[in-house]
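Right, one structure below, let's go through it.
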């Protein structure tokens with residue numbers, strides 16, 4: 006009873022009432038609903054192709070047990086066999102012809118046992134089909150897709166940080182005619198998502214010779230209004246006296262930007278970097294239009310092409326999906342606080 | 002000390018050049034496309050057709066019956082988008098609100114629980130779609146549950162009604178964490194002494210929810226609704242991977258119509274696609290202006306508090 010009191014005690018000091026129970030019930034249901042599907046994906050990605058086609062599916066990845074039999078090169082699958090005398094035995098199957106299977110006890114390899122296939126059942130054990138992951142490199146140019154995604158994400162993020170911070174620096178630290186106009190113009194591009202200028206942007210990119218080039222994905226994406234806005238708001242809080250002092254010391258304007266303002270704006274840059282990595286890693290519609298050659302595919306495009314195949318190889322598709330969500334999950338696990346704070350303060354994602 | 006007048010422009014140049022080349026030039030060309038016909042990609046190969054593209058899109062015996070329209074898929078996608086926006090936004094905001102209210106209570110491990118609901122927001126639309134496609138497929142987890150409960154398995158993504166339901170459900174699943182976060186920030190701005198006063202007056206939890214929380218949260222709620230609307234009318238990625246717009250055109254939305262008209266069909270009607278995007282742009286501009294107005298009213302309200 007005391008233990009129950011302790012467990013249900015809340016921060017307010019009073020005991021838990023029905024609204025608390027309801028809250029926790031809701032949260033646990035949310036945990037199940039939000040993480041369950043992802044967990045199911047990860048579990049499934051470790052199943053062999055044959056285990057994936059089982060119905061109903063098992064939660065944990067199981068595979069058929071196999072053993073080495075003296076005198077055989079390959080591992081042999083293990084079956085539980087009902088013997089003629091009514092007992093059961095675990096035996097390794099050497100071959101199967103028609104309805105007759107030839108099995109053997111690995112301890113006594115000379116003693117061949119022939120039974121009807123109906124009298125044997127596969128022995129299953131917990132087994133991670135890591136080959137779903139290790140095969141990816143060889144069979145489907147996974148390395149190329151990964152490289153394309155990483156290249157786009159890294160280069161676009163660096164350029165976004167550079168271009169946006171330069172613009173934000175000009176908009177927050179100089180007074181010049183047209184400043185408000187430029188700022189509003191940049192913010193106005195928020196109203197022009199890629200979906201609106203799909204067709205003409207295709208023309209621009211193809212005229213620049215950037216079709217089927219990773220740069221065709223990078224350039225149109227880097228002048229983010231969100232980034233300029235975020236950085237400008239932050240740079241406004243950097244006192245102008247610092248800049249004046251540097252000018253006294255004959256620092257050039259570029260040095261002021263590069264040596265003083267950028268380092269001071271590091272927290273805002275970090276938030277923008279996280280956003281940019283997320284945006285570019287997850288981009289789909291625009292790359293879908295620019296990159297039509299298989300060897301230029303990003304991970305997202307490869308996943309899409311794969312699932313559209315006539316015969317979907319789910320075991321590889323699932324493994325690839327897990328690898329695609331891994332970087333974002335790791336970033337999230339370590340930077341959750343900064344991401345949620347950044348989103349709450351900027352109201353963007 | 003004076004800086005040269007050209008200095009700010011030097012810093013602005015790279016960003017402005019990119020915006021000019023990939024936003025303003027395309028907007029201009031988009032108008033050119035919308036008022037020209039043919040299948041040429043280059044504007045000089047395209048004959049002017051006036052407003053023909055728009056009249057083709059808007060040619061309808063009855064706007065409520067897509068099959069009576071010349072571009073029936075367009076109107077089907079418009080109505081699908083409208084239906085989707087209404088259901089998705091209202092349900093998502095409702096669940097975000099419930100979640101935010103729960104997360105705002107004195108609960109143990111708030112950071113963890115907040116993370117739980119926020120995690121799917123970060124996943125890519127393709128990954129989200131594949132996660133659910135795997136669950137909803139014929140021999141998937143959900144049908145295993147159906148069979149375990151002695152029900153018939155259902156082809157979830159092959160029946161129009163169910164496909165639409167799951168498209169809506171999956172997008173709520175993927176995005177509600179974002180709106181929960183914004184509403185949570187709004188809830189935390191409500192002064193705690195209001196609730197203490199309510200407790201002294203022995204107000205029931207329900208009463209303090211409807212009399213304190215909801216009225217004070219209203220400005221945030223409106224902003225969230227409009228933000229969600231802006232996203233909802235642009236829905237494409239998840240749905241494209243999950244259902245491909247099918248079965249038939251049951252889950253075809255406006256952006257997919259634009260994409261298919263311009264890049265998938267054997268005869269690429271850039272003019273029709275551009276006219277479609279302009280119509281979509283009108284809706285987006287209206288929604289964005291509404292949002293700006295609401296956030297301004299929101300700020301005024303903050304100051305008045």
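Residue numbers (the working numbering), protein chains in the order written: chain V, 6 to 354; chain W, 2 to 306.
By construction, the Cβ of each residue, glycine as well, lies at the ideal position given by its N, Cα and C atoms.
The structure displayed is predicted, hence computed values, not measured ones.
Using the beta-carbon of each residue, which ones in chain W are nearer than 7 angstroms to residue i?
{"i": "residue 45 of chain V", "result": "136, 142"}
{"i": "residue 68 of chain V", "result": "Under the 7 angstroms cutoff, chain W gives no residues; its nearest Cβ is about 18 angstroms from residue 68 of chain V."}
{"i": "residue 209 of chain V", "result": "22, 23, 26, 27"}
Going along chain V in order, which residues have a C-beta closer than 7 angstroms to the C-beta of residue i?
{"i": "residue 235 of chain W", "result": "198, 200"}
{"i": "residue 128 of chain W", "result": "326, 329, 330"}
{"i": "residue 83 of chain W", "result": "Result: empty, since nearest Cβ-Cβ is about 16 angstroms, beyond 7 angstroms."}
Taking the alpha helix (DSSP H) that residue i belongs to, which residues open and close that run?
{"i": "residue 212 of chain V", "result": "203-212"}
{"i": "residue 107 of chain V", "result": "Element bounds for residue 107 of chain V: not the alpha helix (DSSP H) but the beta strand (DSSP E), 105-110."}
{"i": "residue 27 of chain W", "result": "26-35"}
{"i": "residue 92 of chain W", "result": "73-104"}
{"i": "residue 240 of chain V", "result": "230-240"}
{"i": "residue 43 of chain W", "result": "Element bounds for residue 43 of chain W: n/a, residue is neither H nor E."}
{"i": "residue 9 of chain W", "result": "8-20"}
{"i": "residue 49 of chain V", "result": "23-50"}
{"i": "residue 183 of chain W", "result": "161-189"}
{"i": "residue 115 of chain W", "result": "111-123"}
{"i": "residue 353 of chain W", "result": "Residue 353 of chain W is absent from the structure shown; chain W starts at 2 and stops at 306."}
{"i": "residue 1 of chain W", "result": "No statement about residue 1 of chain W is possible, as the shown extent of chain W runs from 2 to 306 and does not include it."}
{"i": "residue 240 of chain W", "result": "238-243"}
{"i": "residue 154 of chain V", "result": "147-178"}
{"i": "residue 232 of chain W", "result": "215-233"}
{"i": "residue 1 of chain W", "result": "Residue coverage of chain W in this structure runs from 2 to 306, which leaves residue 1 of chain W outside it and unanswerable."}
{"i": "residue 185 of chain V", "result": "184-193"}
How would you list, in chain order, the residues of chain V whose beta-carbon sits under 8 angstroms from the beta-carbon of residue i?
{"i": "residue 106 of chain W", "result": "24, 25, 28"}
{"i": "residue 274 of chain W", "result": "203, 204"}
Opposite residue i in the DSSP bridges: which residues?
{"i": "residue 76 of chain V", "result": "None; residue 76 of chain V has no bridge partner."}
{"i": "residue 94 of chain V", "result": "V:86"}
{"i": "residue 101 of chain V", "result": "V:106"}
{"i": "residue 49 of chain W", "result": "W:37"}
{"i": "residue 81 of chain V", "result": "V:72"}
{"i": "residue 264 of chain V", "result": "Residue 264 of chain V is not bridged to any residue."}
{"i": "residue 125 of chain V", "result": "V:86"}
If the criterion is Cβ atoms closer than 8 angstroms, does the pair residue i and residue j meet it?
{"i": "residue 230 of chain V", "j": "residue 191 of chain V", "result": "yes"}
{"i": "residue 21 of chain W", "j": "residue 326 of chain V", "result": "no"}
{"i": "residue 129 of chain W", "j": "residue 171 of chain W", "result": "yes"}
{"i": "residue 1 of chain V", "j": "residue 259 of chain V", "result": "Given a span of 6 to 354 for chain V in the structure shown, any question on residue 1 of chain V remains unanswerable."}
{"i": "residue 194 of chain V", "j": "residue 24 of chain W", "result": "yes"}
{"i": "residue 279 of chain V", "j": "residue 344 of chain V", "result": "yes"}
{"i": "residue 178 of chain W", "j": "residue 88 of chain W", "result": "no"}
{"i": "residue 134 of chain V", "j": "residue 53 of chain V", "result": "yes"}
{"i": "residue 150 of chain V", "j": "residue 302 of chain V", "result": "yes"}
{"i": "residue 200 of chain W", "j": "residue 105 of chain W", "result": "no"}
{"i": "residue 278 of chain W", "j": "residue 157 of chain V", "result": "no"}
{"i": "residue 74 of chain V", "j": "residue 106 of chain V", "result": "no"}
{"i": "residue 223 of chain W", "j": "residue 293 of chain W", "result": "no"}
{"i": "residue 9 of chain W", "j": "residue 181 of chain V", "result": "yes"}
{"i": "residue 82 of chain W", "j": "residue 234 of chain W", "result": "yes"}
{"i": "residue 49 of chain V", "j": "residue 167 of chain W", "result": "no"}
{"i": "residue 67 of chain W", "j": "residue 161 of chain W", "result": "no"}
{"i": "residue 322 of chain V", "j": "residue 311 of chain V", "result": "yes"}
{"i": "residue 209 of chain V", "j": "residue 271 of chain W", "result": "no"}
I need the boundaries of the beta strand (DSSP E) containing residue i, first residue and last residue.
{"i": "residue 262 of chain W", "result": "Element bounds for residue 262 of chain W: not the beta strand (DSSP E) but the alpha helix (DSSP H), 255-264."}
{"i": "residue 131 of chain V", "result": "129-131"}
{"i": "residue 113 of chain V", "result": "113-121"}
{"i": "residue 67 of chain V", "result": "67-69"}
Residues of chain V with CB closer than 9 angstroms to the CB of residue i, please, in chain order.
{"i": "residue 194 of chain W", "result": "The contacting residues do not exist; residue 194 of chain W stays about 15 angstroms from chain V at best."}
{"i": "residue 1 of chain W", "result": "Because chain W spans 2 through 306 in this model, residue 1 of chain W falls outside it and cannot be assessed."}
{"i": "residue 115 of chain W", "result": "341, 345"}
{"i": "residue 125 of chain W", "result": "283, 286, 287, 288, 289, 304, 305, 308, 329, 330, 333"}
Is the beta carbon of residue i within less than 7 angstroms of some heavy atom of the ligand MG?
{"i": "residue 53 of chain V", "result": "Summarising the ligand content, the structure contains no ligands, and the ligand MG is consequently not present."}
For a contact defined as C-beta to C-beta under 9 angstroms, what are the partners of residue i on chain W?
{"i": "residue 105 of chain V", "result": "Per Cβ cutoff of 9 angstroms: no residues; residue 105 of chain V is ~30 angstroms from chain W at best."}
{"i": "residue 194 of chain V", "result": "20, 24, 25"}
Contact set between the stretch 168-188 of chain V and chain W, restricted to residues whose Cβ is under 7 angstroms from the partner: 168, 169, 171, 172, 174, 175, 179, 181, 187
Residues from the stretch 240-261 of chain V in contact with chain W, defined by Cβ distance under 7 angstroms: 252, 258
Proximal residues, the stretch 74-96 of chain V versus chain W, C-beta separation under 7 angstroms: none
Residues of the stretch 12-27 of chain W with Cβ closer than 7 angstroms to any Cβ of chain V, in chain order: 12, 13, 15, 16, 19, 20, 22, 23, 24, 26, 27
Selection of the stretch 230-256 of chain W by Cβ proximity to chain V, strictly under 7 angstroms: 235, 237, 238, 242, 256
Near-chain V residues of the stretch 275-286 of chain W (beta-carbon distance less than 7 angstroms), N- to C-terminal order: 275, 278, 281, 282, 285, 286
Interface positions of the stretch 266-292 of chain V facing chain W (Cβ-Cβ less than 9 angstroms), listed along the chain: Cβ contacts with chain W: 283, 286, 287, 288, 289, 290.
Near-chain V residues of the stretch 27-44 of chain W (beta-carbon distance less than 7 angstroms), N- to C-terminal order: 27, 28, 30, 31, 34, 42
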